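To start, the structure under review is shown below, and the notes come after it.
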Amino acid sequence: TSHVSVLGEDGSAVAATSTINTPFGAMVYSPRTGILLNNELLDLCWRHKPGSTVTPPPVPGEQPPSSMVPSILINEVQGSKLVIGGAGGELIISAVTQAIVNKLWLGFSLTDAIAAPILHVNSKGHVEYEPKFNQEVRKGLQDRGQSQSQSQRPVFLNSVQAVFQEGPCVYAASDLRKAGKASGY
Amino acid sequence: MAWGHRTTVCLVLLGVSLGLAIIVLAVVLPHHQASCRPDAFTRAAVAADSKICSDIGRVILQQQGSPVDAAIAALICTGVVNPQSMGLGGGVVFTIYNASTGKVEVINARETVPASHDQRLLDQCTNALPLCTGAQWIGVPGELRGYAEAHRRYGRLPWAQLFQPTIALLREGFRVPPILSQFLNTSFLQPCLNSSTLRQLFFNGTETLRSQDPLPWPALANTLETVAKEGAEVLYTGKLGQTLVEDIAWQGSQLTVQDLAAFRPKVVEPLEMALGNYTLYSPPPPAGGAILSFILNVLKGFNFSAETVAGPEGKVNMYHHLVEALKFAVGQRWRLWDPYSHPGIQNISQDLLRETLAQHIRQQIDGRGDHQLSHYNLSGVRGNSMG
Chain D
2 TSHVSVLGED GSAVAATSTI NTPFGAMVYS PRTGILLNNE LLDLCWRHKP
52 GSTVTPPPVP GEQPPSSMVP SILINEVQGS KLVIGGAGGE LIISAVTQAI
102 VNKLWLGFSL TDAIAAPILH VNSKGHVEYE PKFNQEVRKG LQDRGQSQSQ
152 SQRPVFLNSV QAVFQEGPCV YAASDLRKAG KASGY
Chain L
273 MAWGHRTTVC LVLLGVSLGL AIIVLAVVLP HHQASCRPDA FTRAAVAADS
323 KICSDIGRVI LQQQGSPVDA AIAALICTGV VNPQSMGLGG GVVFTIYNAS
373 TGKVEVINAR ETVPASHDQR LLDQCTNALP LCTGAQWIGV PGELRGYAEA
423 HRRYGRLPWA QLFQPTIALL REGFRVPPIL SQFLNTSFLQ PCLNSSTLRQ
473 LFFNGTETLR SQDPLPWPAL ANTLETVAKE GAEVLYTGKL GQTLVEDIAW
523 QGSQLTVQDL AAFRPKVVEP LEMALGNYTL YSPPPPAGGA ILSFILNVLK
573 GFNFSAETVA GPEGKVNMYH HLVEALKFAV GQRWRLWDPY SHPGIQNISQ
623 DLLRETLAQH IRQQIDGRGD HQLSHYNLSG VRGNSMG
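Top to bottom, those sequences are chains D and L. What the first sequence shows, in my numbering, is residues 2 to 186, in sequence order. What the second sequence shows, in my numbering, is residues 273 to 659, in sequence order.
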């Protein structure tokens with residue numbers, strides 16, 4: 002998955018997230034068109050109601066559920082705007098949430114808000130910590146009974162891109178986890 | 273004499289006014305600029321996940337392109353620079369704010385289930401993990417029709433111009449970017465890549481390509497040129513689509529030209545939720561905006577700030593509340609079913625945005641992190657690795 006955030010000179014904005022799902026999608030390549038194909042139907046696997054073990058069959062034309070959250074936050078009064086979204090499968094919502102909290106509530110710079118190591122809660126209710134996550138906080142959470150995942154996630158593929166407009170100033174940040182770099186003028 | 277006096281008074285007043293104006297500008301302007309940090313831009317910006325694609329988007333803006341033009345150009349580029357992540361064979365969701373109307377719109381071009389698909393597909397879920405490779409998992413790609421719809425509604429530059437920078441990138445000796453190289457050389461991906469048709473693109477003999485190795489990709493360059501010239505329709509109702517379907521059919525795909533022709537992006541209203549002084553606009557199901565809104569709605573009631581997290585205990589407290597909110601959110605993810613295909617759950621996601629629900633959840637969050645899974649409606653949740 003990949004996300005791009007754009008802010009134009011007139012204040013118009015676009016958050017766009019695009020994906021072929023897991024790395025290299027279905028690993029099916031069309032040699033004559035040069036196109037790699039997605040494996041998005043995999044996302045139908047997690048589609049069941051609480052307490053039910055039945056996964057309903059796919060419906061032609063159905064779009065599988067997604068974690069993608071290309072979002073725009075607007076503060077009309079202060080003339081500020083945050084254009085944000087991310088990549089990383091099920092980590093997307095955790096990563097984007099923490100970037101928004103860091104930026105809008107905790108006063109981080111946009112770059113630091115995105116760079117801060119994240120935590121994630123998996124479907125078993127266990128907490129997974131990105132390497133370099135604050136050890137003191139991790140210990141504090143364990144003391145409160147938060148159970149951490151036994152099997153450590155091999156890689157954290159979360160990557161957040163955002164643009165923040167604050168009056169006349171425009172800040173843009175791409176995630177260094179994916180060696181990204183924003184551009185502007 | 274009276275005329276001379278009046279002139280003198282006028283000149284003095286003019287001089288004083290000019291002086292005042294200069295003083296005001298001298299005081300206000302530096303303050304105005306000083307309020308931006310040194311890393312700020314003053315007009316516009318693009319944040320893609322690579323420098324080269326951010327630059328391509330920025331140039332499009334400087335050529336008087338709209339933000340949608342810039343986003344499309346940056347995404348076309350990303351399909352080349354980070355092909356492990358996205359490309360024309362995938363799907364896209366746009367959230368677009370139009371400053372002149374104040375309206376926000378979502379264009380949803382996520383892939384769809386083809387008309388003909390393996391009836392026992394979902395029986396293969398467990399065995400197919402973690403990578404789920406294979407043609408049976410391919411959804412109808414929506415990417416290009418998503419671009420075309422966004423461009424039709426908000427584009428300013430000619431369609432073809434958005435493709436030119438990436439075509440040039442491919443034609444001028446494109447090399448393997450470092451991040452792509454990392455993926456190509458990841459041990460758990462390599463066996464799958466080696467046994468797939470991607471081998472012909474990303475391998476040199478028996479070895480995967482390394483960072484900065486030449487990556488000739490003339491087929492994609494030709495495709496981009498064709499789409500630039502003939503429009504997105506060439507993939508959905510034209511020769512390019514026919515070629516794509518034929519190419520992947522021998523790899524087991526049941527995708528048809530009719531599936532491609534039938535794909536339509538959806539233009540929908542965003543979810544809208546007040547978040548302090550901000551309004552959050554995010555995409556409705558099947559995208560994840562309702563879950564993001566739910567988490568932030570719960571958390572905003574705890575009033576976290578730089579002051580409240582200044583000490584170690586404050587930090588632990590905030591992350592504890594975050595973890596609890598995320599647990600409740602995992603228990604709500606089932607609500608992201610496609611509302612068009614499952615009309616029974618049409619408005620269920622709206623419930624997630626209600627303040628009464630946020631309040632109810634906040635009341636269930638205490639100092640403990642060891643509640644049973646049922647406390648969070650997490651019992652029976654089997655996995656959620658949707659992308």
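Beta carbons are placed, not taken as given, at the ideal position from N, Cα and C, and that holds for glycine. Keep in mind the model is a prediction, meaning the values are calculated, not measured.
Same chain, Cβ closer than 6 Å to residue i, neighbours up to 5 away in sequence not counted
{"i": "Ile633 of chain L", "result": "Val570 and Phe600"}
{"i": "His4 of chain D", "result": "Thr18, Gly86, Gly87, Ala88 and Gln162"}
{"i": "Ala316 of chain L", "result": "Leu333"}
Cβ shell of residue i (< 7 Å), same chain only, five flanking positions each side left out
{"i": "Leu325 of chain L", "result": "Here the sequence assigns Cys to residue 325 of chain L, which means Leu is not the residue at that position. Contacts found: Ala346, Cys349, Thr350 and Val353."}
{"i": "Tyr30 of chain D", "result": "Leu37"}
{"i": "Phe474 of chain L", "result": "Leu456, Leu465, Thr480 and Leu481"}
{"i": "Met273 of chain L", "result": "Note that Met273 of chain L has pLDDT 44, beneath the 50 cutoff, so the model's placement of it is unreliable and the number below is only indicative. So no residue of the chain qualifies."}
{"i": "Val540 of chain L", "result": "Val378, Asn380 and Pro556"}
{"i": "Pro413 of chain L", "result": "Leu360, Gly361, Gly362, Gly363 and Glu383"}
{"i": "Val116 of chain D", "result": "Per the sequence presented here, residue 116 of chain D reads as Ala, with Val not at that position. Answer for Ala116 of chain D: Leu177, listed in chain order."}
Spatially closest choice to residue i from the options, by CA coordinates
{"i": "Val78 of chain D", "options": "L:His592, L:Asn549 and L:Ile637", "result": "L:Asn549"}
{"i": "Pro542 of chain L", "options": "L:Gly329, L:Gly374 and L:Gly359", "result": "L:Gly374"}
{"i": "Thr405 of chain L", "options": "L:Ala562, L:Val540 and L:Gln462", "result": "L:Gln462"}
{"i": "Glu377 of chain L", "options": "D:Lys125, D:His4, D:Ser13 and D:Met28", "result": "D:Ser13"}
{"i": "Asn123 of chain D", "options": "D:Thr20, D:Gln147 and D:Gln166", "result": "D:Gln147"}
{"i": "Ala114 of chain D", "options": "D:Gly26, D:Val164, D:Leu142 and D:Asn39", "result": "D:Val164"}
{"i": "Gln408 of chain L", "options": "L:Gly641, L:Gly524, L:Gly573 and L:Gln635", "result": "L:Gly524"}
{"i": "Ala597 of chain L", "options": "D:Val102, D:Gly141 and D:Leu107", "result": "D:Val102"}
{"i": "Leu452 of chain L", "options": "L:Pro486, L:Tyr426 and L:Arg443", "result": "L:Pro486"}
{"i": "Pro32 of chain D", "options": "L:Phe566, L:Trp489, L:Ile567 and L:Gly561", "result": "L:Trp489"}
{"i": "Ile410 of chain L", "options": "D:Ser81, D:Ala174 and D:Met28", "result": "D:Met28"}
{"i": "Thr551 of chain L", "options": "D:Val128, D:Val138, D:Asn76 and D:Ile94", "result": "D:Asn76"}
{"i": "Phe574 of chain L", "options": "L:Gly359, L:Thr498 and L:Tyr591", "result": "L:Tyr591"}
{"i": "Gln472 of chain L", "options": "L:Gln484, L:Ala491, L:Gln454 and L:Thr314", "result": "L:Ala491"}
{"i": "Ile73 of chain D", "options": "D:Val84, D:Phe157, D:Pro65 and D:Thr34", "result": "D:Val84"}
{"i": "Pro132 of chain D", "options": "D:Gly185, D:Pro155 and D:Gln143", "result": "D:Pro155"}
{"i": "Gln65 of chain D", "options": "D:Lys82, D:Pro51, D:Gly80 and D:Asn39", "result": "The identity of residue 65 of chain D in the sequence shown is Pro, whereas the question assumes Gln. Answer by Cα proximity: D:Asn39."}
{"i": "Glu544 of chain L", "options": "L:Val529, L:Glu444, L:Ser565 and L:Pro537", "result": "L:Ser565"}
{"i": "Leu710 of chain L", "options": "L:Ile620, L:Glu585 and L:Glu415", "result": "The structure shown has nothing for residue 710 of chain L, since chain L only spans 273 to 659."}
{"i": "Gly26 of chain D", "options": "D:Gly90, D:Ser160 and D:Thr112", "result": "D:Gly90"}
{"i": "Pro437 of chain L", "options": "L:Val581, L:His389, L:Arg330 and L:Ser621", "result": "L:Arg330"}
8 Å Cβ shell around residue i - same chain, five flanking residues per side excluded
{"i": "His423 of chain L", "result": "Val340, Asp341, Ile344, Trp431 and Leu434"}
{"i": "Ser357 of chain L", "result": "Asp321 and Thr350"}
{"i": "Ala533 of chain L", "result": "Tyr508, Thr509 and Gly513"}
{"i": "Ile520 of chain L", "result": "Ala407, Ile410 and Leu527"}
Local Cβ density within 10 Å of residue i, reported as buried at 16 or more and exposed below that
{"i": "Trp47 of chain D", "result": "buried"}
{"i": "Gly583 of chain L", "result": "exposed"}
{"i": "Asp44 of chain D", "result": "buried"}
{"i": "Pro611 of chain L", "result": "buried"}
{"i": "Ala298 of chain L", "result": "Only weak support exists for where Ala298 of chain L lies, its pLDDT of 49 falling under 50; the coordinates are left without a value."}
{"i": "Val55 of chain D", "result": "exposed"}
{"i": "Asp395 of chain L", "result": "exposed"}
{"i": "Ala546 of chain L", "result": "exposed"}
{"i": "Gln166 of chain D", "result": "buried"}
{"i": "Ser189 of chain D", "result": "Residue 189 of chain D is absent from the structure shown; chain D starts at 2 and stops at 186."}
{"i": "Phe460 of chain L", "result": "exposed"}
{"i": "Glu63 of chain D", "result": "buried"}
{"i": "Gln336 of chain L", "result": "exposed"}
{"i": "Arg417 of chain L", "result": "buried"}
{"i": "Ser95 of chain D", "result": "buried"}
Nearest-angstrom Cβ-Cβ length linking residue i and residue j, presumed shorter than 8 Å
{"i": "Ala371 of chain L", "j": "Tyr172 of chain D", "result": "Wrong, their Cβ atoms sit about 18 Å apart, outside the cutoff."}
{"i": "Arg604 of chain L", "j": "Leu625 of chain L", "result": "Checking the sequence, you will find Gln at residue 604 of chain L rather than Arg. Not quite, the Cβ-Cβ distance comes to about 11 Å (not below 8 Å), so this is no contact."}
{"i": "Pro71 of chain D", "j": "Val365 of chain L", "result": "6 Å"}
{"i": "Ile567 of chain L", "j": "Thr2 of chain D", "result": "That belief does not hold up - the Cβ atoms of Ile567 of chain L and Thr2 of chain D are roughly 19 Å apart, past 8 Å."}
{"i": "Gly503 of chain L", "j": "Ser67 of chain D", "result": "Actually they do not touch by this definition, with Cβ atoms about 27 Å apart."}
{"i": "Gly181 of chain D", "j": "Ser338 of chain L", "result": "Rounded, the Cβ-Cβ distance is 22 Å, inconsistent with contact."}
{"i": "Asp327 of chain L", "j": "Ser184 of chain D", "result": "5 Å"}
{"i": "Thr314 of chain L", "j": "Pro169 of chain D", "result": "6 Å"}
Residues that DSSP places opposite residue i in a beta bridge
{"i": "Cys170 of chain D", "result": "D:Glu167"}
{"i": "Gln149 of chain D", "result": "D:Val128"}
{"i": "Tyr508 of chain L", "result": "Looking at the DSSP assignment, Tyr508 of chain L forms no beta bridge with any residue, so it has no partner."}
{"i": "Met545 of chain L", "result": "L:Leu552"}
{"i": "Pro486 of chain L", "result": "L:Arg447"}
{"i": "His121 of chain D", "result": "D:Glu129"}
{"i": "Asn476 of chain L", "result": "L:Glu479"}
{"i": "Ala319 of chain L", "result": "D:Ser6"}
{"i": "Glu377 of chain L", "result": "L:Ile368"}
{"i": "Ser184 of chain D", "result": "L:Val318"}
{"i": "Gln162 of chain D", "result": "D:Gly86"}
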